[in-house]
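So the structure is just underneath, and the comments pick up after that.
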Amino acid sequence: MSKIGLIISREYLTRVKKKTFILMSFLGPLLIFGFVLLTSYLSQENKEKYEILVVDESHLFDSILRNSDKYHLQWAPNGKDYNEVQEIFKKDDQLDLLVYLPVNLIKTNSMTAKCLYKEIPSTGVQKHLSSIINEAIELYRVNFNNIDISTYKSIKTKINLDVVDIENKENRNIQRKAFVGIALALFIYGFIFLYSVQVMRGVIEEKTNRIVEVIISSVSSFELMMAKIIGVGLVGITQFIIWAIVTMIMSISIFPLLIIDKFDPSLQMNSDELVNNSFKIDPNNEAIQFIINEVQWSYLIVFFILFFLGGYLLYSGLMAAIGAAVDEEADTQQFLLPLTIPMVFAILMASKVIDDPSSSLAFWLSEIPFTSPIIMIVRIAMGIGDSSVEIWEIILSLFLLTITFIGTTWLSGRIYRKGILSYGKKASYSDLFKWLKN
Amino acid sequence: MSSKNIIEIEGLHKSYSNHKALDNINLSIGESKIFGLLGPNGAGKTTLIRIINQILEPDQGVIKFAGELLSRKHIHSIGYLPEERGLYKKMKVGEQVLYLAQLKGLSKKDAKHKLSYWFEKLGAETWWNKKVEDLSKGMAQKIQFITTVLHEPKVLILDEPLSGLDPVNSLLIKNEILELKKNNTSIILSTHDMNSVEEICEEVAIINHSKKILQGSINEIKKNYEEKLWTILYSGNQMNFTNAVWGGWELMNHIVLNENIKKAEIKLLNDFTINKFIKGIVDHVEILEINKKTPSINDVFIKATTDE
Chain A
18 MSKIGLIISR
28 EYLTRVKKKT
38 FILMSFLGPL
48 LIFGFVLLTS
58 YLSQENKEKY
68 EILVVDESHL
78 FDSILRNSDK
88 YHLQWAPNGK
98 DYNEVQEIFK
108 KDDQLDLLVY
118 LPVNLIKTNS
128 MTAKCLYKEI
138 PSTGVQKHLS
148 SIINEAIELY
158 RVNFNNIDIS
168 TYKSIKTKIN
178 LDVVDIENKE
188 NRNIQRKAFV
198 GIALALFIYG
208 FIFLYSVQVM
218 RGVIEEKTNR
228 IVEVIISSVS
238 SFELMMAKII
248 GVGLVGITQF
258 IIWAIVTMIM
268 SISIFPLLII
278 DKFDPSLQMN
288 SDELVNNSFK
298 IDPNNEAIQF
308 IINEVQWSYL
318 IVFFILFFLG
328 GYLLYSGLMA
338 AIGAAVDEEA
348 DTQQFLLPLT
358 IPMVFAILMA
368 SKVIDDPSSS
378 LAFWLSEIPF
388 TSPIIMIVRI
398 AMGIGDSSVE
408 IWEIILSLFL
418 LTITFIGTTW
428 LSGRIYRKGI
438 LSYGKKASYS
448 DLFKWLKN
Chain B
78 MSSKNIIEIE
88 GLHKSYSNHK
98 ALDNINLSIG
108 ESKIFGLLGP
118 NGAGKTTLIR
128 IINQILEPDQ
138 GVIKFAGELL
148 SRKHIHSIGY
158 LPEERGLYKK
168 MKVGEQVLYL
178 AQLKGLSKKD
188 AKHKLSYWFE
198 KLGAETWWNK
208 KVEDLSKGMA
218 QKIQFITTVL
228 HEPKVLILDE
238 PLSGLDPVNS
248 LLIKNEILEL
258 KKNNTSIILS
268 THDMNSVEEI
278 CEEVAIINHS
288 KKILQGSINE
298 IKKNYEEKLW
308 TILYSGNQMN
318 FTNAVWGGWE
328 LMNHIVLNEN
338 IKKAEIKLLN
348 DFTINKFIKG
358 IVDHVEILEI
368 NKKTPSINDV
378 FIKATTDE
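Listed in order, the protein sequences are those of chains A and B. Reading the first sequence from the start, the letters are residues 18 to 455 in my numbering. Reading the second sequence from the start, the letters are residues 78 to 385 in my numbering.
Printed below as a string of structure tokens:
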């Protein structure tokens with residue numbers, strides 16, 4: 018085996034043989050699933066039952082406002098005005114919300130209903146309240162205008178809008194697809210950081226262990242740096258492949274069981290349906306159908322790996338230089354900040370890119386190498402074609418990323434070879450600059 | 078002097094951004110010799126060593142290795158034990174020595190074979206599966222020494238090889254160095270331990286302020302630094318001793334060892350001889366012992382580096 022191969026295999030094997038690597042390979046997907054389930058659990062099961070006190074000034078709502086076990090309505094006692102009812106509401110611990118329906122609400126469109134709270138209700142609860150109030154007003158007006166209720170039901174519709182690209186009919190609902198892109202972008206962000214920081218730690222380890230001088234008397238410092246970057250990068254790809262396989266197995270076996278249990282229709286109150294018997298879509302099925310059929314996994318995975326590698330090579334070279342410049346990890350902060358800013362910026366900008374994936378902001382962020390791995394994967398997830406990202410843009414982005422990482426690796430190599438032999442001195446930016454020049 | 082040189086250095090210059098590390102260094106290192114590379118901290122020794130190891134590039138100058146221009150192919154012919162040295166702490170000793178041996182161009186099979194010889198020789202057989210972090214400092218030093226010599230390099234460069242070793246291990250390593258020399262290994266020894274230099278080096282060079290200020294065999298150098306110094310043990314009155322001979326010498330030091338015995342260190346000036354001095358004092362004090370004082374390498378080092 019060549020010496021570089023030898024170093025790559027050491028860097029690779031010492032990491033994949035670690036217990037933490039093996040543990041994370043299986044725990045990672047589980048944790049992500051767990052986290053997704055936990056957040057959906059927490060956002061749904063915040064309260065079993067709401068006791069809601071209603072002040073109905075028009076006395077027209079009592080028969081038509083939909084009451085349920087979960088959102089239990091009580092009517093404020095007659096003869097008390099709004100202010101007095103507020104006092105009652107404040108004193109009674111059983112009551113969660115106070116809904117105030119002013120006298121003109123049902124007759125005009127200009128009034129606003131009020132909801133007073135002790136603990137702020139979730140947006141879901143707020144949505145439910147406004148939908149039952151709207152529903153009641155509509156029912157009142159249906160009756161008032163002598164419209165037959167079944168006629169009204171047939172008029173009342175709820176459509177889905179399919180947004181389709183005329184040039185490429187595959188490109189449907191690209192904004193929805195973007196969420197797959199966001200998830201992948203977060204992965205790229207996480208992986209780039211996780212593994213480029215590992216490169217930095219590896220460099221610091223060799224420097225503080227004082228073994229580096231022995232090694233660079235056998236191979237050049239640049240070869241050592243590159244071998245380390247390649248070895249750790251392979252660890253990243255291995256981890257990704259294991260995660261993909263474990264996730265696939267889990268999706269097939271465990272995930273559907275959890276989902277069906279979780280999305281039991283009895284728990285899933287579809288509150289904004291005006292009339293109960295209208296068509297209901299099982300969101301679970303829709304999501305699964307969407308993920309399996311509409312997302313084009315094959316090219317997404319290829320580009321994910323390419324952009325991960327590009328971004329990783331770009332950042333890990335710089336991280337290696339930082340590792341070489343310091344004596345201990347605590348000293349890395351000042352150098353890490355400029356590297357994290359573009360990545361965090363890219364994540365923050367991702368939602369704007371989803372909003373308009375063919376804007377010039379989207380274009381530039383997906384071409385500039387320091388943000389492109391994150392933004393481009395979001396755009397690719399939204400589909401390749403006129404509406405989001407064209408193939409030449411992807412090729413240009415990969416090309417720019419490649420020449421930039423070659424450039425930064427060359428610069429990093431210059432800092433690295435000086436840095437690893439300088440002990441006991443905290444390097445400053447001016448030192449780095451000096452090392453670059455020499 | 079050996080007729081053949083393993084390393085020849087001509088006109089070597091190296092500057093860092095803010096200072097000159099090596100200034101026109103010329104040096105020849107004889108084959109199968111132990112060569113002491115001396116100099117105060119920051120004189121440029123480590124830079125010179127790193128250039129020979131091709132870790133750094135010189136700005137100017139030529140280095141020849143066994144008559145050829147130094148190039149990457151010579152890496153396998155050099156064994157280097159840096160002053161700043163260490164091992165991967167989390168790695169097992171066995172895995173680590175195999176790794177380092179392979180980096181020096183040995184096959185895994187050869188490396189294993191040679192390692193078993195060295196591990197036995199230095200009493201490290203039971204350490205193979207230990208983690209480096211579980212070794213004592215002395216044990217780790219032995220492992221480092223083994224990895225330096227394992228590939229049987231023609232030239233060994235040892236930077237402070239004995240620092241941190243207890244006297245027993247220090248002696249052990251010193252003997253190994255002498256044995257390697259016997260087997261035709263050329264050794265460059267950079268150290269501040271002047272006793273070791275005196276004990277095992279045949280030639281030395283002193284570098285100070287990035288320049289070579291001295292090179293030669295130990296005996297030659299000592300001879301050049303000889304200063305007609307004598308120590309005399311006598312019994313009698315000090316006044317009588319000092320006033321016995323007028324001129325031609327200087328009293329460097331005087332110690333009263335006990336009531337009867339005194340020790341004087343004198344330096345003879347110009348052409349004044351020790352015989353004339355003895356003639357002068359012999360009637361005034363009783364001479365117990367006279368010795369010529371030859372300078373130690375330590376004396377030479379201090380004089381050479383402070384006279385500059």
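Every residue, glycine too, gets a C-beta built ideally from N, C-alpha and C.
For residue i, which residues in chain E fall below 7 Å Cβ to Cβ?
i: residue 130(B); result: The chain inventory of the structure shown lacks chain E, comprising the protein chains A and B.
With H, G and I counted as helix, E and B as strand and the rest as coil, what does DSSP make of residue i?
i: residue 151(A); result: helix
i: residue 399(A); result: coil
i: residue 143(B); result: coil
i: residue 371(B); result: coil
i: residue 153(B); result: helix
i: residue 243(B); result: coil
i: residue 178(B); result: helix
i: residue 90(B); result: strand
i: residue 405(A); result: coil
i: residue 105(B); result: strand
i: residue 170(B); result: helix
i: residue 221(B); result: helix
i: residue 252(B); result: helix
i: residue 42(B); result: Summary: the structure shown does not reach residue 42(B), with chain B confined to residues 78 through 385, and so no result is reported for it.
i: residue 275(B); result: helix
i: residue 100(B); result: strand
Label residue i either buried or exposed according to how many other C-beta atoms from any shown protein chain fall within 10 Å of its C-beta, with 16 as the threshold for buried.
i: residue 445(A); result: exposed
i: residue 293(A); result: Here residue 293(A) scores only 39 on pLDDT, less than 50, and its place in the model is too uncertain to base an answer on.
i: residue 96(B); result: exposed
i: residue 130(B); result: buried
i: residue 122(A); result: buried
i: residue 224(A); result: buried
i: residue 381(A); result: exposed
i: residue 228(B); result: buried
i: residue 90(A); result: buried
i: residue 339(B); result: buried
i: residue 215(A); result: buried
i: residue 326(B); result: buried
i: residue 82(B); result: buried
Identify every residue that forms a DSSP beta bridge with residue i.
i: residue 342(B); result: 308(B) and 330(B)
i: residue 92(A); result: 71(A)
i: residue 115(A); result: 70(A) and 133(A)
i: residue 363(B); result: 312(B)
i: residue 267(B); result: 114(B) and 236(B)
i: residue 350(A); result: According to DSSP, residue 350(A) bridges with nothing at all.
i: residue 293(B); result: 281(B)
i: residue 137(B); result: 90(B)
Residue i versus chain B: which residues are under 8 Å apart at the beta carbon?
i: residue 228(A); result: 162, 163, 164 and 165
i: residue 23(A); result: 176, 179 and 180
Residues of chain A with CB under 8 Å from residue i, in chain order?
i: residue 216(B); result: The premise fails here: residue 216(B) is roughly 16 Å from chain A at the closest Cβ pair, so nothing lies under 8 Å.
i: residue 168(B); result: 31
Name, please, each residue of chain A whose Cβ falls closer than 7 Å to the Cβ of residue i.
i: residue 181(B); result: 235
For residue i, verify whether its CB is less than 7 Å away from any heavy atom of the ligand HEM.
i: residue 85(B); result: This structure lacks the ligand HEM, and indeed carries no ligand of any kind.
Tell me which residues share the same chain as residue i and place their Cβ nearer than 6 Å to its Cβ, disregarding the 5 neighbours each side in the sequence.
i: residue 262(B); result: 233
i: residue 374(B); result: 271, 274 and 275
i: residue 169(A); result: 159
List the residues of chain A that residue i touches, going by C-beta distances under 9 Å, in chain order.
i: residue 338(B); result: The premise fails here: residue 338(B) is roughly 50 Å from chain A at the closest Cβ pair, so nothing lies under 9 Å.
i: residue 152(B); result: 234, 235 and 236
Using a Cβ-Cβ cut-off of 7 Å (strictly less than) and excluding sequence neighbours within five positions of residue i, which residues of its own chain qualify?
i: residue 110(B); result: 79, 263, 279 and 280
i: residue 209(B); result: 164, 165, 166, 168, 170, 173 and 217
i: residue 293(B); result: 280
Who are the near neighbours of residue i in its chain, counting only those whose CB is closer than 8 Å to its CB and skipping five residues on each side?
i: residue 454(A); result: none
Run down chain B in chain order and give the residues with a C-beta less than 9 Å from the C-beta of residue i.
i: residue 231(A); result: 157, 158, 159, 162, 163, 164, 177, 180, 221, 224 and 225
i: residue 218(A); result: Chain B residues near residue 218(A): none, gap ~12 Å exceeds 9 Å.
Report the neighbours of residue i on chain B: residues whose CB is nearer than 7 Å to its CB, in chain order.
i: residue 440(A); result: 161
i: residue 20(A); result: 180
i: residue 27(A); result: 176
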